[in-house]
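Residue numbers (my numbering), protein chains in the order written: chain A, 1 to 414; chain B, 415 to 828.
A quick write-up on the structure given underneath.
2 protein chains.
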Amino acid sequence: MVEIAVMGYGTVGSGVVEVLDKHAESIAGRAKEQIHVKYILDLRDFPGSPYEQKFVKSFDQILNDSNVKIVVEVLGGLHPAFDYVKACLENGKSVVTSNKELVAAKGAELLKIAQKNNLNFLFEASVGGGIPIIRPISQCLAANEVVEIAGILNGTTNFILTKMIREKTTFADTLALAQRLGYAERNPAADIEGLDACRKICILASLAYGKHVYPEQVHTEGISGIRLEDIEYAAAWGGVIKLIGQVRMMENGKIQIIVCPMFLSRDSQLANVDDVFNGILVRGDSTGDVVFYGKGAGKFPTASAVVADVIDCVKHFKARKYLFWDDGSPDYVESYLDNRVSLFVRASTDHETLAFQNVENKLGPVTRLFRGAREPGEIAFVTRKAPEREIRQGLRDLSGLGVQIQNVVRIGEL
Amino acid sequence: MVEIAVMGYGTVGSGVVEVLDKHAESIAGRAKEQIHVKYILDLRDFPGSPYEQKFVKSFDQILNDSNVKIVVEVLGGLHPAFDYVKACLENGKSVVTSNKELVAAKGAELLKIAQKNNLNFLFEASVGGGIPIIRPISQCLAANEVVEIAGILNGTTNFILTKMIREKTTFADTLALAQRLGYAERNPAADIEGLDACRKICILASLAYGKHVYPEQVHTEGISGIRLEDIEYAAAWGGVIKLIGQVRMMENGKIQIIVCPMFLSRDSQLANVDDVFNGILVRGDSTGDVVFYGKGAGKFPTASAVVADVIDCVKHFKARKYLFWDDGSPDYVESYLDNRVSLFVRASTDHETLAFQNVENKLGPVTRLFRGAREPGEIAFVTRKAPEREIRQGLRDLSGLGVQIQNVVRIGEL
Chain A
1 MVEIAVMGYG TVGSGVVEVL DKHAESIAGR AKEQIHVKYI LDLRDFPGSP YEQKFVKSFD
61 QILNDSNVKI VVEVLGGLHP AFDYVKACLE NGKSVVTSNK ELVAAKGAEL LKIAQKNNLN
121 FLFEASVGGG IPIIRPISQC LAANEVVEIA GILNGTTNFI LTKMIREKTT FADTLALAQR
181 LGYAERNPAA DIEGLDACRK ICILASLAYG KHVYPEQVHT EGISGIRLED IEYAAAWGGV
241 IKLIGQVRMM ENGKIQIIVC PMFLSRDSQL ANVDDVFNGI LVRGDSTGDV VFYGKGAGKF
301 PTASAVVADV IDCVKHFKAR KYLFWDDGSP DYVESYLDNR VSLFVRASTD HETLAFQNVE
361 NKLGPVTRLF RGAREPGEIA FVTRKAPERE IRQGLRDLSG LGVQIQNVVR IGEL
Chain B
415 MVEIAVMGYG TVGSGVVEVL DKHAESIAGR AKEQIHVKYI LDLRDFPGSP YEQKFVKSFD
475 QILNDSNVKI VVEVLGGLHP AFDYVKACLE NGKSVVTSNK ELVAAKGAEL LKIAQKNNLN
535 FLFEASVGGG IPIIRPISQC LAANEVVEIA GILNGTTNFI LTKMIREKTT FADTLALAQR
595 LGYAERNPAA DIEGLDACRK ICILASLAYG KHVYPEQVHT EGISGIRLED IEYAAAWGGV
655 IKLIGQVRMM ENGKIQIIVC PMFLSRDSQL ANVDDVFNGI LVRGDSTGDV VFYGKGAGKF
715 PTASAVVADV IDCVKHFKAR KYLFWDDGSP DYVESYLDNR VSLFVRASTD HETLAFQNVE
775 NKLGPVTRLF RGAREPGEIA FVTRKAPERE IRQGLRDLSG LGVQIQNVVR IGEL
């Protein structure tokens with residue numbers, strides 16, 4: 001029998017305890033050991049819970065119990081999660097977590113401690129919820145060079161964008177709906193400003209290329225600036241707007257990495273990933289494109305990914321899983337302004353013909369877009385592909401020439 | 415350094431050798447060992463090949479070399495592959511294969527020998543080519559009960575159906591095109607009659623439910639009977655025709671398993687899996703639906719999956735991978751005639767009104783379908799859901815009542 005502790009009895013934590021209980025027999029068969037939850041750490045009381053006897057309020061009780069071999073961390077946030085996880089790994093306990101903030105900020109450090117102590121630090125549930133992605137990237141694609149990873153990594157924003165596209169509702173109204181349905185939190189900033197997606201692409205990039213990428217290094221834009229006009233122009237262009245996290249290795253050994261809304265062609269394998277679903281495209285030099293699709297969050301999908309890691313941990317007490325990446329460095333990420341992109345631009349002007357003369361003078365040839373209910377003086381176009389810095393300079397110049405930029409969205413090539 | 419042998423230097427075998435060579439450094443990093451191809455078994459000569467020194471014509475040379483720890487079997491077919499693989503596993507060599515025919519026919523037997531000798535028998539490449547699916551099912555979904563697996567498992571037939579749907583070409587013309595493009599073999603029977611898909615769903619079913627399912631136990635229909643009329647009716651119904659392999663666990667402990675063309679609603683997650691791509695839907699009780707999508711065949715996708723297994727094997731010389739299933743039994747598969755389905759039926763008659771009276775007498779209420787260029791006397795409808803045996807009996811009765819059945823396609827609920 002293996003004894004474990006679960007830190008945090010929120011949505012995911014209660015799901016983990018329930019899955020371990022409900023599937024105890026089949027899990028024991030797969031792990032070749034009974035798995036027993038000895039402690040649940042939570043500061044709250046849960047009177048009447050069938051697990052009432054397991055609750056503890058002191059982390060030290062878990063840390064000092066040498067029978068506890070695996071600790072599940074589902075507290076979320078950096079503090080106290082980081083200190084707790086570090087202490088566990090320094091004291092002979094393997095750790096399984098769903099905490100993307102922790103892995104994105106401290107992954108390299110914690111993996112190093114785990115390696116030194118010959119323990120496992122596993123985090124399949126931190127990206128994609130119940131979609132297997134960490135393990136396929138690290139194992140199945142071992143014989144590939146990963147050319148690129150791009151994904152719809154946040155269900156809340158994908159739900160909002162899907163609704164806006166289908167029902168022509170505004171961002172504010174759709175966010176309010178998502179909050180009523182429980183798909184968005186009361187404070188939705190981490191989702192809608194792209195931070196959640198940023199943490200996930202950082203984890204995938206760190207794993208795929210072996211070097212830590214920190215969220216602060218990633219240019220991140222959310223979806224709160226997307227207007228219905230932009231969605232209509234995307235449709236006119238032949239696509240949809242999705243919030244994409246994307247990373248590519250460049251020939252100079254640096255990476256391009258960004259989180260932002262993008263125009264995606266309707267033919268893109270990610271264009272049909274709708275509602276709260278996530279989709280992750282892994283482009284390998286041998287496999288070509290492989291796409292993983294499913295619910296990226298939710299109590300039981302996430303809990304089952306955590307439990308699968310616990311099982312894997314039990315099966316590998318002696319053989320460490322080779323999840324590892326090195327520390328990052330400040331110059332590892334290329335400035336997004338040096339990436340070559342096309343931009344969709346929506347602007348207003350008093351004189352359309354003159355405006356387009358100026359646009360083409362500053363930006364070279366552009367593809368003009370139209371929509372049905374265009375406001376007077378509203379213009380929209382897609383630029384040619386060039387380093388973003390150049391196009392942005394052109395756009396700044398235009399504002400002195402009677403062209404007011406309203407919004408800019410990158411064109412994704414996926 | 416780990417020494418391996420590759421048996422078979424066809425498309426996949428040459429790809430395996432090339433991937434191991436091209437990515438030698440990164441593979442050694444991931445496996446923590448250099449991997450060296452010592453022998454390549456092939457009866458043909460490859461003069462001028464950079465690997466000329468490695469070729470051998472005698473299997474015994476590999477078998478008797480105790481330095482060879484892993485053997486890659488990419489010969490295809492049952493003989494001599496089965497005897498060779500069995501001999502390897504009985505003589506201390508782990509085996510990695512892409513041979514679906516071998517795994518579908520002999521998986522339980524070979525897994526048992528591997529287990530007894532504490533060796534690995536791995537076959538990620540046997541299903542889905544470069545799409546990771548065996549490992550995600552066996553590991554990531556360990557904390558799930560698999561409710562159902564359904565997939566588009568054969569790229570050749572999916573290419574043909576996609577072309578027929580998009581370009582309104584006949585089956586015969588499209589097959590000829592697929593042969594010219596190298597997507598279909600000169601003798602295409604294994605693909606178009608569904609046998610290839612059948613072997614793959616057998617492997618997935620065996621893995622998911624722990625008990626061997628043999629191809630002979632699975633009712634299998636191919637796509638050679640699909641006419642453009644059927645494709646037009648599928649469009650009128652709101653969907654497309656796909657060749658699907660599907661398995662479900664029933665409450666009585668038996669499984670429902672079938673390979674056949676199905677009508678899929680356009681909303682289905684598999685309806686947009688087009689051309690030579692494969693898509694596999696795994697429905698778990700905790701994860702919900704997870705879909706894996708990518709190229710299911712091809713030299714480098716398949717080779718990279720084989721090489722990933724070789725790496726995994728090197729990393730797990732001491733800790734066996736827990737891939738295992740038991741022997742099958744004759745009564746494990748429910749007769750497909752007992753499955754509850756709706757059927758699409760296309761028929762001809764001399765008297766439409768009378769025919770529909772008879773149809774509804776024999777089959778209960780049906781949904782009539784229409785297409786633009788309908789032939790005189792052509793009728794088409796979708797039945798209610800009932801045990802297939804009942805509906806088939808009704809269809810037989812109808813043939814005595816002036817309704818000639820032309821084709822029947824099951825309605826997929828995916």
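Note that CB positions come from ideal geometry on N, CA and C, so glycine has one too.
Please state whether DSSP places residue i in a helix, a strand or coil.
| i | result |
| --- | --- |
| serine 94 of chain A | strand |
| methionine 415 of chain B | coil |
| aspartate 740 of chain B | strand |
| valine 430 of chain B | helix |
| lysine 69 of chain A | strand |
| proline 50 of chain A | coil |
| asparagine 117 of chain A | coil |
| glutamine 670 of chain B | strand |
| glycine 296 of chain A | coil |
| valine 359 of chain A | helix |
| leucine 122 of chain A | strand |
| valine 85 of chain A | helix |
| valine 127 of chain A | coil |
| valine 213 of chain A | coil |
What number of angstroms, rounded off, separates the C-alpha of residue i from the C-alpha of residue j?
| i | j | result |
| --- | --- | --- |
| glutamine 660 of chain B | threonine 701 of chain B | 18 Å |
| histidine 493 of chain B | asparagine 513 of chain B | 11 Å |
| glutamate 418 of chain A | leucine 609 of chain B | Nothing about residue 418 of chain A can be reported from this structure: the residues present for chain A run from 1 to 414 only. |
| lysine 520 of chain B | histidine 626 of chain B | 9 Å |
| arginine 594 of chain B | aspartate 587 of chain B | 11 Å |
| serine 463 of chain B | phenylalanine 469 of chain B | 10 Å |
| alanine 442 of chain B | proline 387 of chain A | 37 Å |
| asparagine 118 of chain A | asparagine 91 of chain A | 11 Å |
| arginine 248 of chain A | valine 147 of chain A | 6 Å |
| leucine 575 of chain B | isoleucine 655 of chain B | 7 Å |
| isoleucine 257 of chain A | tyrosine 336 of chain A | 7 Å |
| leucine 657 of chain B | serine 138 of chain A | 31 Å |
| glycine 210 of chain A | aspartate 327 of chain A | 9 Å |
| glutamine 475 of chain B | methionine 421 of chain B | 12 Å |
| threonine 156 of chain A | glycine 698 of chain B | 22 Å |
| isoleucine 411 of chain A | tryptophan 237 of chain A | 10 Å |
| lysine 483 of chain B | alanine 142 of chain A | 20 Å |
Can you name the residues that DSSP bridges to residue i?
| i | result |
| --- | --- |
| aspartate 289 of chain A | A:Arg283 |
| valine 822 of chain B | B:Val759 |
| methionine 676 of chain B | B:Lys656, B:Arg824 |
| threonine 781 of chain B | B:Val796 |
| leucine 41 of chain A | A:Met7, A:Val56 |
| isoleucine 35 of chain A | A:Val2 |
| arginine 340 of chain A | A:Pro387 |
| threonine 634 of chain B | B:Val673 |
| phenylalanine 691 of chain B | B:Lys709 |
The alpha helix (DSSP H) with residue i in it runs from where to where?
| i | result |
| --- | --- |
| glycine 151 of chain A | Here glycine 151 of chain A belongs to no alpha helix (DSSP H); instead the beta strand (DSSP E) covers 146 to 152. |
| isoleucine 725 of chain B | 713 to 729 |
| arginine 389 of chain A | 388 to 399 |
| glutamate 167 of chain A | 155 to 167 |
| alanine 178 of chain A | 171 to 180 |
| alanine 205 of chain A | 195 to 209 |
| aspartate 191 of chain A | 189 to 192 |
| serine 335 of chain A | First-last for serine 335 of chain A: undefined, no H or E at that position. |
| arginine 135 of chain A | 134 to 138 |
Which two residues bound the contiguous beta strand (DSSP E) that contains residue i?
| i | result |
| --- | --- |
| glutamine 246 of chain A | 239 to 249 |
Would you say residue i lies against chain C (beta-carbon separation less than 7 Å)?
| i | result |
| --- | --- |
| threonine 367 of chain A | The chain labelled as chain C is not found among the protein chains of the depicted structure, namely A and B. |
Does the beta carbon of residue i fall short of 6 Å from some heavy atom of the ligand NAP?
| i | result |
| --- | --- |
| alanine 235 of chain A | The ligand NAP is not part of this structure, which contains no ligands at all. |
Note down, in chain order, all residues in the stretch 704 to 715 of chain B with a beta-carbon under 8 Å from any beta-carbon belonging to chain A. Val704, Val705, Phe706, Tyr707, Gly708, Lys709, Gly712, Phe714, Pro715
Going along the chain, which residues of the stretch 679 to 696 of chain B sit with their C-beta nearer than 8 Å to a C-beta in chain A? Gln683, Asn686
Please identify, using Cβ separations under 9 Å, the residues of the stretch 612 to 629 of chain B that lie next to chain A, in order along the chain. Gly624
Contact list for the stretch 162 to 173 of chain A against chain B, Cβ threshold 8 Å: none
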